[in-house]
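Enquirer: Our numbering numbers the first residue of the sequence shown as 74 and each following residue consecutively. Glycine included, each C-beta is placed from N, C-alpha and C at the ideal position.
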Amino acid sequence: MSGRLSTRLSRLLNMVPYFLANPGISAPEAAADLGVSTKQLMSDLNQLWMCGLPGYGPGDLIDLSFSEESIEVTFSAGIDRPLRLTSTEATALLVALRSIADLPGMVDPTAARSAIAKIESAIAGDGGRDAPDTPVPVEAPAVTTVRSALARGHALRLVYYSASRDVVSERIVDPIRIVLVDNNSYLQAWCRQAEGVRLFRFDRIEEATELAEAADPPRHATDETAGLDLFSDDPAVALARLRIRADYGWVLDQYPMHPVVVHPDGDVEATMRFATLDWIARLLLGFGSGVTVLGPPELVTAVRERSTAALAAYGDSGEMAFESAAGEAGPA
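1) Would the beta-carbon of alanine 262 fall within 8 Å of that of valine 246?
2) At a cut of 8 Å, does the segment 275–287 reach the segment 310–321 through at least three beta carbon pairs?
3) If you count every other CB in all the chains shown that lies within 10 Å of the CB of proline 290, and 16 or more means buried, which is it?
4) From which residue to which residue does the alpha helix (DSSP H) around glutamate 102 run?
5) With DSSP collapsed to three states, give me the class of serine 235.
6) Do phenylalanine 360 and valine 334 come within 8 Å of each other at the CB atom, strictly closer than that value?
7) Pull up the distance between the alpha-carbon of glutamate 283 and that of arginine 220, whole angstroms please.
8) Give me the Cα-Cα distance between glycine 200 and proline 90, rounded to the nearest whole angstrom.
9) How about leucine 114 and leucine 107: do their beta carbons lie closer than 8 Å?
10) Using the three-state DSSP reduction, which class does alanine 163 fall into: helix, strand or coil?
11) Using a Cβ-Cβ cutoff of less than 8 Å, which residues in the same chain neighbour aspartate 117 once the five nearest sequence positions on both sides are dropped?
12) Could you check if methionine 292 is buried or exposed, using at least 16 other CB atoms within 10 Å of its CB as the buried criterion?
13) Between the Cα of tyrosine 234 and those of Arg274, Gly226, Gln266, spot the shortest distance and give me the residue it belongs to.
14) If you run the structure through DSSP and keep just helix, strand and coil, what is isoleucine 135?
15) According to DSSP, is histidine 293 part of a helix, a strand, or is it coil?
16) Given this structure, state the Cα-to-Cα distance separating alanine 100 from isoleucine 135, to the nearest angstrom.
17) When DSSP labels each residue in this structure, what does threonine 349 get in the three-state scheme?
18) Got a sec? Which residues, its chain only, sit under 8 Å from alanine 103 by beta carbon, not counting five neighbours each side?
19) So, using beta-carbon positions, are histidine 331 and alanine 287 closer together than 8 Å?
20) Quick check on the DSSP output: the alpha helix (DSSP H) that includes arginine 225 runs from which residue to which?
21) Label proline 214 either buried or exposed according to how many other C-beta atoms from any shown protein chain fall within 10 Å of its C-beta, with 16 as the threshold for buried.
22) Tell me whether arginine 265 sits in a helix, a strand or coil according to DSSP, three-state version.
Next comes the structure, spelled out in structure tokens:
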């Protein structure tokens, strides 16, 4: 069957349940919903008149009452349910819906999540088609405020629970974007208190207040995070900028780093997320001169201080390696 005939057949089979669900709808409105011209719709309706049950006599064929002003199905011949999605079609829809559910411009993400839940229910098993609508949790008021501030370009005051430190803090942030990681939604924003980009998991935002002032994240913050993959599920994480020597390429395979620039000599500049300075400073010092810290300044300082303490305890044998790991203090 050609693609054109297959498309028309699918449309015809879906028309009957569509008109049963929308009795009396006008032809122009139905044509817009079905993605065809009014002329094509009327042609399809005339075609449906000749379809029905074996025997194809009175009482067997689909019966309709239609004009451009009103369309009604008076006998469906048993075609009263929409066609079920194939697994390929369902997968494609789920991928598309999940990709748009947390776009900053989404006016009603609940609708997308509701559709996701219904499709997942429908393909879960034979009983899925008769399953009741899956209830979709209503978004918390704080999340609605976050979306509004991002769409309107306003700064936010957040009361946020940090799971890594088990504390609740208040901070002013400049929203950058909303991202979806492992089915959890995060606000990516410039935190004025920390002076860096942070991730705030939606279900840990206890309160959110949209401020009258415009959001104004630094240009470098939006540039650095534009194409960044998010490896951590901890929203209280910062971003380290590193230079990995060519013969230390294995580091990129063993740690969640995102390559940014590959230099002619084989060195790679990369970014890596971290939760605490102590942890990443210890990790980076273990690489010696193989990894150089480019930023942020507080990480450069932390590595330098640890290297100085180590030199004091063990002598000067590792001085060059430690200095290389610490990089240059100050912004890169």
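Expert: The relevant details are as follows:
1) Taking 8 Å as the Cβ cut-off, alanine 262 and valine 246 qualify as a contacting pair.
2) no
3) buried
4) Unbroken alpha helix (DSSP H) run through glutamate 102: 100–107.
5) strand
6) no
7) 10 Å
8) No answer about glycine 200 holds up, because its pLDDT of 46 lies below 50 and its placement is not dependable.
9) yes
10) helix
11) Arg81, Arg84, Leu85, Met88, Val109
12) Residue 292 is actually arginine in this sequence, not methionine. With fewer than 16 other Cβ atoms within 10 Å, it is exposed.
13) Arg274
14) Reduced to three states, the DSSP call for isoleucine 135 is coil.
15) helix
16) 18 Å
17) coil
18) If we look at alanine 103 and ignore the five residues flanking it on each side, its Cβ neighbours are Tyr91, Phe92, Asn95, Leu114, Ile144.
19) With contacts defined by Cβ atoms closer than 8 Å, histidine 331 and alanine 287 do not form a contacting pair.
20) Note, arginine 225: alpha helix (DSSP H), 214–225.
21) exposed
22) Arginine 265 falls in the coil class under three-state DSSP.
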